[in-house]
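Visitor: One structure, as structure tokens, below. Some questions next.
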Amino acid sequence: MHLSELTHPNQLHGLSIHQLEEIARQIREKHLETVAATGGHLGPGLGVVELTLGLYQTLDLDRDKVIWDVGHQAYPHKMVTGRYNNFHSLRQKDGVAGYLKRCENKFDCFGAGHASTSISAALGMALARDLKGEKFKTVAVIGDGALTGGMALEAINHAGHLPKTNLLVVLNDNEMSISHNVGAISRYLNKMRLSPPMRFLTDNIEEQFKHLPFVGDALAPEIERF
């Protein structure tokens, strides 16, 4: 499948690993080509290509809602939600917006450009869903840098007070931010990442993957990234 044929994210359902890898390659190629021509944010989107495809192959985007923290990491999201063919107009007059924009596409369910807003927005949508008796998943995707923001911490505190509310928070712990991360939370995440139990878990999962037929040898080295 070529990315130009992808008009709805649910078309990712059922694609093979090989097909998803090809879609990922096309996203990165278009991302680099477009940002080089129009300007924009290069790194955030490139870092969530596989994350975007993995989420959207699993979720039903006709019902489920994904809220991206920092709008400019959602360039891959824009490309797999029907905007690939117009992506060359990124940040141009009457073109594709550089951030999530609710009036641009129904899959942009929250419009924000800055950091630390996603958990609060996702929690609000989850609470509204429960009050209305609706059934769908609500997912916030946030990086380790944005997680240190006050608004994110307030939202986590609020969510922890509502244990029956179904909310999924995906932490993109990539050690990247607009500048060096500081503070106790950043130190804790780094310490946890390098802790003996985490290293033991990672090494054991990698060893188990090596025994999978056909794909094991290719997938095992990727475990370190997660």
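So for the sequence shown, my numbering puts the first residue at 377; every next one is plus one. Each residue gets a CB set at the ideal place from its N, CA and C atoms; glycine is no exception.
Measure the C-alpha to C-alpha separation of Tyr564 and Ala516 and round it to an integer number of angstroms.
Guide: 21 Å
Visitor: Is there contact between the stretch 535-545 and the stretch 497-504, where contact requires at least three CB pairs shorter than 8 Å?
Guide: These segments touch.
Visitor: When you compare only the Cα positions, how much space is there between Leu547 and Leu388?
Guide: 22 Å
Visitor: Could you tell me the distance, in whole angstroms, from the CA atom of His394 to the CA atom of Ile561?
Guide: 37 Å
Visitor: Starting from Gly421 and walking both ways along the alpha helix (DSSP H), at which residues does that stretch end?
Guide: Element bounds for Gly421: Gly419 to Leu422.
Visitor: Can you find at least 3 beta carbon pairs, one from the stretch 508-524 and one from the stretch 434-443, that sit closer than 8 Å?
Guide: The way I'd put it, the stretch 508-524 does touch the stretch 434-443; three or more beta-carbon pairs between them come closer than 8 Å.
Visitor: How big is the Cα-Cα spacing for Gly509 and Thr541?
Guide: Gly509 and Thr541 have their alpha carbons spaced roughly 12 Å apart.
Visitor: Kindly indicate the opening and closing residues of the beta strand (DSSP E) around Asn548.
Guide: It spans Leu544 to Asn548 - the beta strand (DSSP E) in which Asn548 sits, taken as one unbroken run.
Visitor: What's the C-alpha gap between Pro573 and Asn566?
Guide: Whole-angstrom Cα-Cα distance: 13 Å.
Visitor: Between Val425 and the rest of its own chain, which residues show a CB-CB distance below 7 Å, the 5 nearest in sequence each way excluded?
Guide: Contacts found: Ala400, Ile403, Arg404 and Pro452.
Visitor: Using a 10 Å radius around the Cβ and a threshold of 16 neighbouring Cβ atoms, would you call Asp470 buried or exposed?
Guide: The residue in question, Asp470, is exposed, as its Cβ has fewer than 16 Cβ neighbours within 10 Å.
Visitor: Rounded to whole angstroms, what is the Cα-Cα separation between Leu382 and Gly430?
Guide: 15 Å
Visitor: Can you grab the Cα-Cα spacing for the pair Gln433 / Asp445, in whole Å?
Guide: 20 Å
Visitor: Quick check on Gly458: does DSSP put it in helix, strand or coil?
Guide: Looking at Gly458 - three-state DSSP - the assignment turns out to be helix.
Visitor: Can you have a look at Met455 and say buried or exposed, based on whether 16 or more other CB atoms are within 10 angstroms of its CB?
Guide: buried
Visitor: Between His417 and the rest of its own chain, which residues show a CB-CB distance below 7 Å, the 5 nearest in sequence each way excluded?
Guide: His448
Visitor: Please name the residue in Leu379, Ser380 and Pro385 whose C-alpha comes closest to that of Phe483.
Guide: Answer by Cα proximity: Pro385.
Visitor: With a CB to CB cut of under 7 Å and the five nearest residues on each side skipped, what residues in its chain are close to Ala522?
Guide: For Ala522, where only same-chain residues beyond five positions count, the Cβ hits under 7 Å are Asp445, Val446, Ala491, Ser492 and Ala528.
Visitor: Among Ala498, Glu398, Thr410 and Asn580, which one has its Cα closest to the Cα of Arg459?
Guide: Thr410
Visitor: Look at the alpha carbon of Pro589 and the alpha carbon of Ser392, and state the distance between them as a whole number of angstroms.
Guide: 16 Å
Visitor: From Ala531 to Glu397, what distance separates their C-alpha atoms?
Guide: 34 Å
Visitor: What three-state label does DSSP hand Ala519 in the structure shown?
Guide: The sequence as given places Gly at residue 519; Ala does not occur at that position. Of the three classes helix, strand and coil, the one that applies to Gly519 here is strand, per DSSP.
Visitor: Just verifying my parser: in three-state terms, what is the DSSP assignment at Thr603?
Guide: Outside the displayed span of the chain (377 to 602) sits residue 603, for which this structure offers no information.
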